[in-house]
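Engineer: Sharing a structure here in C-alpha cells format.
Numbering (the UniProt record's numbering), first residue to last: 1 to 335.
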C-alpha cells in the first residue's frame, strides 16, 4: 500500500510517500482492516513531525490520528461491523501503532464508530480528535450544565468550532474569541452568542461586561501560553477553566487561587499513550453520539482544505501558519 512515512524528525519535507506492506488482522480477534478514504490533519501531527514521536525506537512512523474509511475485513470476534461498513475513528499515529496517512490500517472495533451517512468521508475524517477533545473538556472536565455561560478561545479553529456546537447542544450561552469579521460570521452561524475581537478588544473586560461582572462559569482555552493565565479573571469565583495545552512554567496562579478556580487539563491522547482500552471504547461511544447529531443536522464539521495523500507535507505547512479556520484533510482514495 501507499503511505506517508516519517523517517526522522524535521521539516515537512521529511514526510515522503512510499510503498509499504499492507497490514493484516489475526482471524481470532475484534480488529477491523479499514481501507482509508481520508485522514484528518491535527496540530499534534506537526508537533510529532518536528520533535519526534512518542516512540522514537519505532521508526519510520506513519502519522495521523484521525481516519475515515470502509471496513475491508473483520476478525472472528467482531460483532458491530461487517465488510463494506463506513466508519470513522481516532486511533494510532503517535509513533507506535500505525497512523492514518496510509491506504489501509487496523483498528479494534471498540474504538470505532459508524460514519454518519449525511457527511462525506473528508468531514468524518476531520472530526474525531476535535470532537473527543471538546466533549471531554466541556462535558467531563468542565462539567458544563444547561444555562451556564462559556468562553471558548479561538472559536473558528478546529477544536473551537465544534466546542461551540457542543456547548449549544447543552443549552449554554457562548462567547468566543475571533480575529476577523469573517470568523465572527462563521462562529455565529454555529450558534455563538457573542464573538469577541480579541485583537481590538480586551477579552477579559468584554467577558465580564457580558456576564454583568461575574465571569463565565467555564472557560475553554485552546490557545495556551499567556492566554491561559490572562483568562483567570474572566472566570467566576469557584468556576472552571480547562486547557488543552500544558500551562507555561511561568504561569502566575495567584488570580486562579484567589478565585478558587477548578483547573482542568485535557489531553484526549491519554488512553492511547497509556493503553487504556476502556477509555478508548468511551471515545468510540462519544463518536457514536456525535454521529447521531451530525445526521440530525445538529453538528457540523468545517473542512476548509483538502490535499491528496502525496501532499501531506503541504498540508503540514498550511496548518503551521496557524491562520486557518476549520480543518484540513488528506484525501486517500475515491469513494
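The beta carbon of each residue, even a glycine, is placed where N, CA and C say it ideally should be.
Computed from a prediction, not measured in an experiment: that's the story for all the values here.
#1: Under a Cβ-count criterion, where at least 16 other Cβ atoms within 10 Å of its own Cβ denotes burial, should residue 276 be classed as buried or exposed?
#2: Indicate whether the contact test is met: 3 or more Cβ pairs, each with one atom in the segment 118–130 and one in the segment 59–70, closer than 8 Å.
#3: Going straight from the alpha carbon of residue 416 to that of residue 199, what length do you get?
#4: Out of 201, 161 and 91, point me to the one whose CA is closest to residue 284's CA.
#5: Going by the beta-carbon positions, is the gap between residue 231 and residue 221 smaller than 7 Å?
#6: With burial defined as no fewer than 16 other Cβ atoms inside 10 Å of the residue's Cβ, what is the status of residue 165: buried or exposed?
#7: Going straight from the alpha carbon of residue 219 to that of residue 204, what length do you get?
#8: By the three-class DSSP mapping on this structure, what secondary structure does residue 49 have?
#9: Is residue 169 helix, strand or coil when you go by DSSP?
#10: Decide yes or no for the touch test of the segment 148–155 against the segment 170–184: beta carbon pairs closer than 8 Å, at least 3 of them.
#11: With a threshold of 8 Å, are at least 3 pairs of Cβ atoms found where one atom belongs to the segment 70–90 and the other to the segment 297–317?
#12: To the nearest whole angstrom, what separates the beta carbons of residue 62 and residue 4, a pair I think is in contact under 8 Å?
#13: Counting Cβ pairs closer than 8 Å, one from the segment 254–266 and one from the segment 107–122, do we hit at least three?
#14: What residue range is occupied by the uninterrupted beta strand (DSSP E) comprising residue 265?
#15: Nearest to residue 229 by alpha carbon, out of 212, 255 and 134?
#16: So which of 8, 34 and 2 has the shortest CA-CA distance to residue 60?
#17: Keeping to the same chain, check which residues put their C-beta closer than 6 Å to that of residue 158; ignore five residues upstream and five downstream.
#18: In the structure shown, what three-state DSSP assignment does residue 307 receive?
#19: For residue 239, which residues of its own chain have a beta-carbon under 8 Å away from its beta-carbon, when the five flanking residues on both sides are left out?
#20: Candidates 182, 304, 187 and 227: which alpha carbon is nearest residue 247's?
#21: Provide the residue span of the beta strand (DSSP E) that contains residue 244, from first to last.
#22: Kindly provide the ranges of any beta strand (DSSP E) runs that are 3 or more residues long and lie completely inside the segment 42–88, ordered along the chain.
#23: As a quick exercise: from 267, 162, 167 and 132, pick the residue whose alpha carbon is nearest that of residue 148.
#24: With a threshold of 7 Å on Cβ separation, who are the neighbours of residue 78 within its own chain once the five nearest residues in sequence on each side are excluded?
#25: Where residue 135 and residue 101 are concerned, what is the direct C-alpha to C-alpha distance, given to the nearest angstrom?
Structural biologist: Looking at the coordinates:
#1: exposed
#2: yes
#3: Since the first residue of the chain shown is 1 and the last is 335, residue 416 is not available in this structure.
#4: 91
#5: yes
#6: buried
#7: 11 Å
#8: helix
#9: helix
#10: yes
#11: no
#12: 7 Å
#13: no
#14: 262–265
#15: 255
#16: 8
#17: 130 and 327
#18: strand
#19: 215, 216, 217, 218, 219, 259, 261 and 262
#20: 227
#21: Careful: residue 244 lies outside any beta strand (DSSP E) and carries neither H nor E.
#22: 66–74
#23: 167
#24: 30, 32 and 109
#25: 25 Å
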